[in-house]
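Data block below; observations after.
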Amino acid sequence: MKSYCVTDVGVKRNMNQDFVYASNQPVGNLSNLFIVADGMGGHNAGDLASRYTVETMVDYIEGASEKRPIPLLEAAVQAANQKVMEKARADKSLEGMGTTVVAATVQEGCLYVANVGDSRLYLLDDGIEQITRDHSLVEEMVRAGELGREEARNHPEKNIITRAVGVKKQVRIDFFDVSLNPGDKFLLCSDGLTNMVEDQDILKLVKQEDSLEKAAHRLVELANQNGGRDNISVVLAETTANGV
């Protein structure tokens, strides 16, 4: 397994409320672990929510006896949800904070994904496929047939999410599993990338570059060139010959 991660404040924001994590090495009983979180809330609150969520998940996974990827990711997200809620209750200035989270691990040639909010995971092989489904008001309107996909890209309520870590006692998490072939790449990212760069442009750029590091930085550069309205986070990973 190879990976590279980068996060950038963007052009318009003063603070980066995204937090990223990538480990090609084992984390507890998982062979590897990749996470992107995009925080929301007032000054410092979103920054804290995303960082606290990722750190809590990593700590939980490192100490857990569970070996099955999906139950382990689920328990880790729920633990983070509880911690963020407790933090917000203890400090009035943090009230209302929360975060998206998308997390993934590759075990024996299978990619396991957990998702809350509108940060995304894409599979990149011959084409590009969004594996996660956004938990957002606009995405619900698209699924209901009330809004076209192109209209959704520039809708004024695009940033309203319908699920987040740290908002309710129990957070609803979506899970996915995908079989991988050696050489397949996958991308975890915040909406600061996908709101600025079309899916096909993401695929084209990643295919052009000869390293994950170059591709990740080029994606950030392109998002900023296109307006950089939000923080931009990218985790790119590639399976090797043995499937991990």
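Okay, so the sequence shown: first residue is 1 according to UniProt numbering, each after it adds one. Built from N, CA and C at the ideal position, the CB exists for glycine as well.
Restricted to the stretch 64-131, the alpha helix (DSSP H) segments that are unbroken, complete and at least 4 residues in length are 69-90, listed in chain order. DSSP, reduced to helix, strand and coil, places D47 within a helical segment of the structure shown.
The criterion of a C-beta distance shorter than 8 angstroms is satisfied by V106 and M1.
The beta carbon of E213 sits closer than 6 angstroms to those of Y4, all from its chain and outside the five residues before and after it, given in chain order. Using a 10 angstroms sphere on the CB of P26, the tally of other CB atoms stays under 16, which defines it as exposed. L205 is bridged by DSSP to nothing; it lacks a bridge partner. Taking 8 angstroms as the cut-off, the Cβ atoms of G192 and N159 do not count as close. Counting along the chain, the unbroken alpha helix (DSSP H) around K214 starts and ends at L212 to Q225.
Following the DSSP letters along the chain, one finds V142 inside the alpha helix (DSSP H) bounded by residues L137 to R143. With a cutoff of 8 angstroms on beta-carbon distance, V36 and S190 are scored as near each other. Judged by beta-carbon spacing, A103 lies beyond the 8 angstroms limit of F186, meaning their Cβ atoms are not closer than that value.
In the three-state DSSP reduction, M40 falls in the strand class (E or B). Take K12, set aside five residues on each side of it, and the residues of its chain with a beta-carbon closer than 8 angstroms to its own are G227, G228, R229 and D230, in chain order. Here the stretch 72-89 does not lie against the stretch 133-146, with fewer than 3 beta-carbon pairs under 8 angstroms apart. Our two residues, N81 and S179, have alpha carbons roughly 28 angstroms apart in a direct line.
In the three-state reduction of the DSSP assignment, T194 falls in the helix class, which pools H, G and I.
According to the DSSP assignment, S31 belongs to no beta strand (DSSP E), since it is labelled neither H nor E. Spanning the alpha carbons of K92 and S136 requires a straight line of approximately 26 angstroms.
Assignment of beta-bridge partners to T240 by DSSP yields no partner.
Boundaries of the beta strand (DSSP E) harbouring D18: D18 to S23, taken from the DSSP string.
Around the CB of S233, 16 or more other CB atoms lie within 10 Å, so the residue is classed as buried. With 16 or more other Cβ atoms inside 10 Å of its own Cβ, G46 counts as buried. Rounded to the nearest angstrom, the gap between the Cα atoms of I161 and A90 is 24 angstroms. Under the DSSP assignment, L188 falls in the beta strand (DSSP E) whose first and last residues are K185 to C189. Looking at the backbone, the Cα of Y122 and that of D38 are separated by about 16 angstroms.
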